[in-house]
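Numbering (the working numbering), first residue to last: 14 to 238. C-beta atoms are modelled at their ideal positions from N, C-alpha and C, and glycine is treated no differently. Let me begin by presenting the structure, written as structure tokens, before commenting on it.
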């Protein structure tokens, strides 16, 4: 059986476990012989990535020697932060597919040339989000990002409030910006993304399932030796 390493670039083991459970559920539903999904959490950095400094530390932590050893034994690696920190360095070190939840969700949202927006809780990452969209060549389809108010880390401790505020951001993406699909921008927002997918008539994209879909495609072309 092949196995996927899902690396959480923040230090929250609870977030790692939540993303792993979402990934396992996706693969179990989508594939007759799903890969095992194993989580790994960086040992330094922030419990939630909320600004450029956090993102920079995460990019370094994800390429620590111990993490590279773990990644080297996997058949594929998912980077579980929306900014995809350290992804190019990982790709340079590894010979297996490396998928970022940010890039995968943007490609999924833009499928069929849909106009897409991003709803998230981290306004201090606005510039990074825009830069990621540009790197994917999706500027012309991007309707913009909408952010919840308040401290993102505090909001993470009140899941229902977080979901409701994100719902407002999704609604603004649709009504004000004309988005035809909306990404919930963040690995720690995975459970909210699942819930919000039931609340709107357009696609609401969860980054972790989007990364799993991209990894599934990659594994079909890059089978384990």
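| Item | Value |
| --- | --- |
| Pair within 8 Å by beta-carbon distance, residue 92 and residue 58 | no |
| 8 Å contact criterion, which residue 72 and residue 99 should meet: CB distance rounded | 4 Å |
| Nearest candidate by alpha-carbon position, reference residue 83, set 200, 66, 60 and 21 | 21 |
| Beta strand (DSSP E) segment containing residue 20, residue limits | 16–21 |
| Proximity winner among 26, 192, 18 and 23, relative to residue 156 (alpha-carbon distances) | 192 |
| Chain-order list of residues whose beta-carbon lies under 8 Å from that of residue 137 (same chain, five-residue window excluded) | 63, 64 and 65 |
| Which of helix, strand or coil DSSP assigns to residue 224 | helix |
| Three-pair Cβ contact test at 8 Å for the segment 215–222 versus the segment 100–111 | no |
| Cβ pair count under 8 Å reaching 3, the segment 127–135 against the segment 159–166 | yes |
| Beta-carbon proximity of residue 201 to residue 181, cut-off 8 Å | no |
| Local Cβ density within 10 Å of residue 125, reported as buried at 16 or more and exposed below that | exposed |
| Cβ neighbours of residue 39 in the same chain (closer than 7 Å, five flanking residues each side left out) | 222 and 225 |
| Three-way DSSP call (helix, strand, coil) for residue 155 in this model | strand |
| Opposing strand residues paired with residue 90 [DSSP bridges] | 18 and 111 |
| C-beta atoms of residue 154 and residue 127 nearer than 8 Å | yes |
| Buried versus exposed, by CB contacts within 10 Å (16 or more), residue 86 | exposed |
| Residue 51 to residue 33 span [Cα, whole Å] | 7 Å |
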